[in-house]
Amino acid sequence: MTLCACNDLRPAFRVFDAETVFSLPVFFQSVNDDTASDKDVELLRRVATGDRAAFAEFYDLHSTLMFSVACKILNDPNEAQDVLQETFMQIWEKAARFDPKLGKASSWAATLTRNKAIDRIRASVRRTRLADEAGVESAIAAESTDTANESVHGHEKARLIQSAITGLPAEQRKAIELAYFSGLTQDEISKQLHEPLGTIKARIRRGLLKLRDQLEGRL
Amino acid sequence: MIDERMEEQAALHVLGALSDTEARQFKQAMAADPELQAYVARLSIATGALAGAIPAAEPPPQLRAKILAQVGEKQKTVSLPERKFRPLLWWGWSLAFGLAIILAAFNHNVQPLREKVVAQASQITSLNQMVQTLQAATNNLQQTVLALQETNKLANMRIAMLSSLLTDSPKAVAVSLWDNNKQEGVFVVQNLKPLPADRDYQLWVLDHGTTPIDAGIFRVDDKGNVRVEFKTKSLITDAGKFAVTEESRGGVASPTIKNMVLVGG
Chain A
1 MTLCACNDLR PAFRVFDAET VFSLPVFFQS VNDDTASDKD VELLRRVATG
51 DRAAFAEFYD LHSTLMFSVA CKILNDPNEA QDVLQETFMQ IWEKAARFDP
101 KLGKASSWAA TLTRNKAIDR IRASVRRTRL ADEAGVESAI AAESTDTANE
151 SVHGHEKARL IQSAITGLPA EQRKAIELAY FSGLTQDEIS KQLHEPLGTI
201 KARIRRGLLK LRDQLEGRL
Chain B
1001 MIDERMEEQA ALHVLGALSD TEARQFKQAM AADPELQAYV ARLSIATGAL
1051 AGAIPAAEPP PQLRAKILAQ VGEKQKTVSL PERKFRPLLW WGWSLAFGLA
1101 IILAAFNHNV QPLREKVVAQ ASQITSLNQM VQTLQAATNN LQQTVLALQE
1151 TNKLANMRIA MLSSLLTDSP KAVAVSLWDN NKQEGVFVVQ NLKPLPADRD
1201 YQLWVLDHGT TPIDAGIFRV DDKGNVRVEF KTKSLITDAG KFAVTEESRG
1251 GVASPTIKNM VLVGG
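Line by line, the protein sequences give chains A and B.
Counting from 1, one number per residue, gives the positions in the first sequence under this note's numbering.
Counting from 1001, one number per residue, gives the positions in the second sequence under this note's numbering.
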């Protein structure tokens, strides 16, 4: 385990609208094995009623993933702590909005964290940094490294995920990372990578489909 | 059929890489297209995995205590339906104002009577009667307040009439009564066509009018009638609408929009 080992500063230019996305019936909708775990669902139900013990348990289960995401995006452990704190307060207040049919609790919590972190970058002076600083090195861990997915999925499945992601062609993975971890739009990715917009769209589409096909039903 | 362009938009959408305008347009397209919704849902498997594919970083131990302490200080607020007119509050103030007048009148009248109590016993009796009358009036006001409190409880009830979308069962009708506090409801259907053995009706509560939440399956009798008590599989915050779809036996995870038979709110 590391404490915010990432070095790159990544500007981000827009925020993924988490609440809107998660209020839609379509996002993270459960498909076969992709249903949220019963335990997480029960914990969030209890959190929605003001159960602090359930909230503490939810923290223990998901704080590593969430802090890892915040660290990776912000590259600052202090800011990552602030984001984690804000995100958990949001979960405390809005746990009732979580719908297990729309996805796993871990995905929900990670996306809330990701959006808060990117929102913070947008509001800071780091936003003025040029996009060419984004993604100098890959956000994705090497296949042999312990990842945040271990805390959620366990060792075997985390390895499976890592293998699927590191197995993507480099150009596809780069475009996906710039979108998810740096918050760049398709146009910004196109400029950053000096590639036509159509090429970027195609890379992202192919990369995500490949990931989906390799992981669907196996997590 | 989802074309390649729409697949690209879906991929950009789940990564948050669409511009605000594009994202709005995509959401509109998605809202009207169940196939696109399912497609996006499957793509989210990839983004969920992506989030954790980074080196693990443990938060400092003291942060846990700090966050839990903050939660301890901050009581959860339960949101109630917004009401333009708040009769309970109004009556509360009215009651207080009325009592203040009563007390003022009582003090104003009783004090001089104390000085003349021996000589004017009949007047005291009269005043006592007046006090009793006012106490009765106060009791009535309290009864009214209690009744209004009951009315306020009803504000958490949602009653909806569902009408038929079927050409062969145009008289089918249903009423749904939902108690948001108890998170349970009663559903009454009339004149809905009976289904073959391999099909079921499935009830959905549309939370905030958009998010379909499974409320269970049911069948109707030979006359097309049934009364069922139901609970949802997820917490409902705002039962905006109700809908019934015809599904395969046992129900499904997501409603089949084209098989919607009743809807209303």
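Beta carbons are placed, not taken as given, at the ideal position from N, Cα and C, and that holds for glycine.
Computed from a predicted structure; not experimentally measured.
Roughly how many angstroms separate the alpha carbons of residue i and residue j, rounded to a whole number?
i	j	result
A:Arg114	A:Ala148	14 Å
B:Met1030	B:Leu1036	6 Å
B:Ser1234	B:Pro1212	10 Å
A:Leu44	A:Ala96	7 Å
B:Met1260	B:Ile1002	22 Å
A:Ser106	A:Gln192	30 Å
A:Ala70	A:Ile189	21 Å
A:Thr49	B:Met1161	30 Å
B:Ala1174	B:Ala1032	25 Å
B:Arg1042	A:Lys157	18 Å
B:Ala1023	B:Leu1177	36 Å
A:Met66	A:Ile91	12 Å
B:Ala1053	A:Pro77	18 Å
A:Thr199	A:Val47	44 Å
B:Thr1021	B:Lys1171	43 Å
A:Leu74	B:Ala1253	37 Å
B:Arg1005	A:Gln81	39 Å
B:Pro1081	A:Thr87	Low confidence applies here, because B:Pro1081 scores a pLDDT of 41, under 50, leaving its location unreliable and the question unanswered by this model.
B:Leu1166	A:Asp99	30 Å
A:Ser63	B:Ala1010	29 Å
A:Glu93	B:Gln1135	45 Å
B:Pro1034	A:His194	36 Å
A:Arg218	B:Ser1169	43 Å
A:Gln85	A:Glu150	22 Å
B:Leu1088	B:Lys1182	In this prediction, B:Leu1088 has a pLDDT of 46, which is less than 50 and means its spatial position is unreliable; nothing more can be read from the coordinates.
B:Gln1129	B:Asp1207	56 Å
A:Asp38	A:Lys104	10 Å
B:Gln1070	B:Ala1056	25 Å
B:Glu1007	A:Ala53	42 Å
A:Arg203	A:Ala175	7 Å
A:Ala18	A:Val41	At A:Ala18 the pLDDT is 38, less than 50, meaning the model places this residue with poor confidence; the figure from the coordinates comes in the next sentence. If you take the alpha carbons of A:Ala18 and A:Val41, they lie about 19 Å apart.
A:Met89	B:Val1220	45 Å
A:Thr166	B:Ala1017	21 Å
B:Leu1063	A:Tyr59	10 Å
A:Leu286	B:Gln1190	Not covered by the structure: residue 286 of chain A. The range shown for chain A is 1 to 219.
Within a Cβ cutoff of 6 Å, which residues of the same chain sit near residue i, ignoring the five residues on either side of it in sequence?
i	result
B:Asn1180	Asn1156
B:Glu1184	Lys1231
B:Thr1047	Val1014
A:Ser68	Ala148
B:Pro1255	Trp1204, Pro1212 and Thr1245
B:Arg996	The question about residue 996 of chain B has no answer, for chain B in this structure spans 1001 to 1265.
B:Glu1229	Val1186
B:Ile1257	Pro1034
Closer than 7 Å by C-beta to residue i: which residues in its own chain qualify, once you throw out the five before and the five after it? Chain order, please.
i	result
A:Glu79	Arg120
A:Lys210	Leu168
A:Arg206	Gln172
A:Ala164	Leu211, Gln214 and Leu215
A:Ala110	Leu65, Met66 and Val69
A:Gln186	Leu197, Ile200 and Lys201
B:Ser1044	Val1014
Let me make sure I understand the geometry here. Which of the options has the alpha-carbon closest to that of residue i?
i	options	result
B:Ile1067	A:Lys72, A:Phe55, A:Ser68 and A:Pro77	A:Phe55
A:Lys72	A:Lys201, A:Lys116, A:Gly167 and A:Leu168	A:Lys116
B:Lys1223	B:Leu1195, B:Ala1038 and B:Arg1064	B:Leu1195
A:Tyr180	B:Ala1051, B:Lys1027 and B:Asp1020	B:Ala1051
B:Ser1248	B:Met1130, B:Asp1198 and B:Trp1204	B:Asp1198
B:Ile1159	B:Pro1061, B:Arg1024 and B:Lys1241	B:Lys1241
B:Ser1164	B:Gln1009, B:Leu1192, B:Ser1019 and B:Val1186	B:Leu1192
A:Gln162	A:Leu84, A:Lys174 and A:Asp146	A:Asp146
A:Val83	A:Thr166, A:Ile118, A:Lys39 and A:Val152	A:Ile118
A:Leu61	A:His153, A:Ile204 and A:Met89	A:His153
B:Gly1072	A:Thr166, A:Leu112, A:Arg159 and A:Asp51	A:Asp51
A:Arg159	B:Ala1049, B:Lys1258, B:Ala1038 and B:Phe1026	B:Ala1049
Identify, in the order they occur along the chain, each residue of the same chain with its Cβ nearer than 8 Å to the Cβ of residue i, setting aside the five sequence neighbours on each side.
i	result
B:Gly1251	Asp1200, Gln1202, Asp1214, Gly1216 and Ile1217
B:Gly1209	Asp1238, Gly1240, Lys1241 and Gly1265
B:Val1263	Leu1162, Ser1163, Leu1165, Lys1241, Phe1242, Ala1243 and Val1244
B:Val1040	Ala1010, His1013, Val1014 and Met1030
Can you find a heavy atom of the ligand MG that lies under 7 Å from the Cβ of residue i?
i	result
A:Gln85	In the structure shown, the ligand MG is absent, as is every other ligand, since no ligand is present at all.
Query raised in the report: What residues from the region 1046-1058 of chain B come within 9 Å of chain D, judged by C-beta to C-beta, listed N to C?
Result: Considering every chain present, this structure includes no chain D. Its protein chains are A and B.
Query raised in the report: If you scan the region 1189-1260 of chain B from start to end, which runs of the beta strand (DSSP E) of 3 or more residues do you find wholly inside it?
Result: Here the runs fully enclosed are 1199-1207, 1211-1218, 1226-1230 and 1239-1248.
Requested in this report: Could you list the residues in the region 1222-1243 of chain B with a C-beta less than 7 Å from some C-beta on chain A, going in chain order?
Outcome: Within the region 1222-1243 of chain B, the qualifying residues are Ser1234, Leu1235 and Thr1237.
Requested in this report: Give, in chain order, every residue of the region 143-173 of chain A whose Cβ lies closer than 8 Å to some Cβ of chain B.
Outcome: Cβ contacts with chain B: Thr145, Asp146, Thr147, Ala148, Asn149, Glu150, Ser151, Val152, His153, Ala158, Ile161, Gln162, Ala164 and Ile165.
Query raised in the report: Which runs of the alpha helix (DSSP H) fall wholly inside the region 48-93 of chain A and span at least 4 residues, in chain order?
Result: Listed in chain order, the complete alpha helix (DSSP H) runs (minimum 4 residues) inside the region 48-93 of chain A are 52-74.
Query raised in the report: Mind listing which residues of the region 78-90 of chain A have their C-beta closer than 7 Å to chain B's C-betas, in chain order?
Result: The region 78-90 of chain A vs chain B, Cβ under 7 Å: Gln81, Leu84, Gln85, Phe88 and Met89.
Requested in this report: With 9 Å as the limit, tell me which residues of the region 1014-1026 of chain B have their beta carbon closer than that to any beta carbon of chain A; keep them in chain order.
Outcome: From the region 1014-1026 of chain B, only Val1014, Leu1015, Gly1016, Ala1017, Leu1018, Ser1019, Asp1020, Glu1022 and Ala1023 have a Cβ closer than 9 Å to chain A.
Query - Runs of alpha helix (DSSP H) wholly within the region 168-202 of chain A (minimum 4 residues, chain order) - result: The qualifying runs are 170-180 and 186-193.
Query raised in the report: Taking Cβ-Cβ distances below 7 Å as the criterion, which residues of the region 45-60 of chain A are in contact with chain B?
Result: Correct list: Arg45, Ala48, Gly50, Arg52, Phe55, Ala56 and Tyr59.
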